[in-house]
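So the structure is just underneath, and the comments pick up after that.
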């Protein structure tokens, strides 16, 4: 136990849990919207392909929801067990969004069960579609409430701090803090685009394997159009996030861009190496771009890290590379989505939509799923790492909020094993579920041929 540090192990265990949970949470927030789009189009166009798309996606979605419940529960437990001092101080302020998130999840889970059970039990399919709306709303509201809690940690308000204790707490003011709008909007749009890419990658994989079924082509068109729309939206919100950081968390923005001296006409630093003397080498520098990101003008003065006490600096290298990675993968998926939309437009104009898609494009879409998920992982890690050393910005440091208990290191191994088991089981069940019931077999079972569109 000589080198045992409960703060380090608490951070590692919390980070691991969040890193695993965010995969299932992203799917849980994004896929319901894609199911809704597919069923809506299927109803409006009287197109069985889209209706089956919604049904198959809903089956897979239920498996990921089940795993997400476990990882989400683990986060709730670890907040109390690993960060008791933080919860003692901030617990009352964040209790409202925590409670409302549970309520939103209950709505989602209840209506998901009803939605699946009543698939063929309504003559009017619009009545069945309406059952999806609480699922989509519940999933998105869960993300809203949890993200507002994280936003509070970045811009705490709605209380007075007296002798290390919060008093005069206004939960609504705390929840609707300055970081909430951009954080919530960014979380939702990136979840939607990532879910779209995951579903698109499944279709791309089938097409790459020679299963040139119209179902997969339609799935690709729907998901790639949605991915393009939401990736462009997340880019615009990312710009607003830069302006938020400039106003409320300038140290985080400066750490992301290795910006040390307060100045206007600040450069955006891409890549590079930071020396021990804080010199930036081998980087690609975009003139004026950081000032424009911070304030929409090359003359915006951007605060440098040299104005921040050294003990409050975030980890510089990790912050910068995580930020760069998030942006790189975000740009990649936007380009791929645009590539597919333009390619489809050209194919339709030439009347060649029945020909196989470009394999390079299909491979790019297949790689887009892990790229989109990595963008989310890098983004949330950046958000947490670049807030260091604060767990509650300006009020409590991470070292003050953590437990002093023993054996957190052993808990780390136990939970790591649990997450591996859950993830492997989830992947195995999903593969078996769809491998044993491919879309071609489902069409045959319904007495349909490719090209049929039936009521």
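In our numbering, the protein residues as written are 76 to 530.
Note that the Cβ used here is the ideal one computed from N, Cα and C, for glycine as well.
For this session: For residue 437, collect the residues of the same chain with a Cβ closer than 7 Å to its Cβ; drop the 5 residues on either side in sequence, then sort them by chain order.
Result: 279, 282, 283
For this session: Alpha carbon to alpha carbon, how far is residue 216 from residue 248? Give it in angstroms, no decimals.
Result: 18 Å
Exercise. Which residues in the same chain as residue 475 place their Cβ atom closer than 7 Å to its Cβ, once the five residues preceding and following it in sequence are excluded?
Worked result: 160
Exercise. Any Cβ of chain C within less than 7 Å of the Cβ of residue 237?
Worked result: Absence of chain C from the displayed structure is noted, only one protein chain being present.
Exercise. According to the neighbour-count rule (16 or more other Cβ atoms, all chains shown, within 10 Å of its Cβ), is residue 275 buried or exposed?
Worked result: buried
Exercise. When the distance is taken between beta carbons, is residue 157 closer than 7 Å to residue 89?
Worked result: yes
For this session: Can you tell me which of 135, 199, 444 puts its alpha carbon nearest to the alpha carbon of residue 270?
Result: 444
Problem set entry | residue 488 (DSSP reduced to helix, strand or coil) | helix
Exercise. If you check the beta carbons only, do residue 229 and residue 455 fall under 7 Å apart?
Worked result: no
Exercise. Who are the Cβ neighbours of residue 453 in its own chain at under 6 Å, not counting the five residues just before and after it?
Worked result: 397, 400, 401
For this session: Express the C-alpha separation of residue 465 and residue 472 in angstroms, rounding to a whole number.
Result: 4 Å
For this session: Would you grab the beta carbon distance between residue 190 and residue 207 for me? Rounded to a whole angstrom, and I think it's under 8 Å.
Result: 6 Å
Exercise. Shortest alpha-carbon distance to residue 419 belongs to which of 388, 227, 433, 195?
Worked result: 433
For this session: Put residue 355 into one of helix, strand or coil per three-state DSSP.
Result: strand
Problem set entry | Under the three-state DSSP convention, the category residue 338 falls into | strand
Problem set entry | Close-in-space but distant-in-sequence residues of the same chain around residue 450 (CB under 6 Å, 5 per side omitted) | 401, 404, 405
Exercise. In the DSSP assignment, what residue or residues form a beta bridge with residue 64?
Worked result: A query on residue 64 cannot be resolved here, the shown segment of the chain reaching from 76 to 530 and no further.
Exercise. From what residue to what residue does the beta strand (DSSP E) around residue 198 run?
Worked result: Per DSSP, residue 198 belongs to no beta strand (DSSP E) and is neither H nor E.
Exercise. Can you tell me where the alpha helix (DSSP H) with residue 348 in it begins and where it stops?
Worked result: Counting along the chain, residue 348 falls outside any alpha helix (DSSP H), though it belongs to the beta strand (DSSP E) covering 343-349.
Exercise. Whose C-alpha, out of 384, 385, 318, 126, is nearest the C-alpha of residue 364?
Worked result: 318
Exercise. How is residue 527 classed by DSSP in three states: helix, strand or coil?
Worked result: Note that residue 527 has pLDDT 48, beneath the 50 cutoff, so the model's placement of it is unreliable and the number below is only indicative. It is coil, neither helix nor strand.
For this session: Say whether the segment 355-363 touches the segment 297-313, bearing in mind that this needs 3 or more beta-carbon pairs closer than 8 Å, one atom from each stretch.
Result: no
Problem set entry | Local Cβ density within 10 Å of residue 136, reported as buried at 16 or more and exposed below that | buried
Problem set entry | Three or more C-beta pairs below 8 Å linking the segment 114-128 and the segment 292-302 | yes
Exercise. Rounded to the nearest angstrom, how far is the Cβ of residue 395 from that of residue 330, given a contact under 8 Å?
Worked result: 7 Å
Problem set entry | Residue burial classification, residue 76 (beta-carbon count within 10 angstroms, cutoff 16) | Residue confidence for residue 76 is low, a pLDDT of 48 falling below 50, so the modelled location carries little weight and cannot support an answer.
Exercise. Are the beta-carbon atoms belonging to residue 211 and residue 91 less than 7 Å from one another?
Worked result: no
Problem set entry | Residue from 509, 516, 515 whose Cα sits closest to the Cα of residue 531 | Residue 531 falls outside the range modelled here, since the chain spans only 76 to 530, and no answer is possible.
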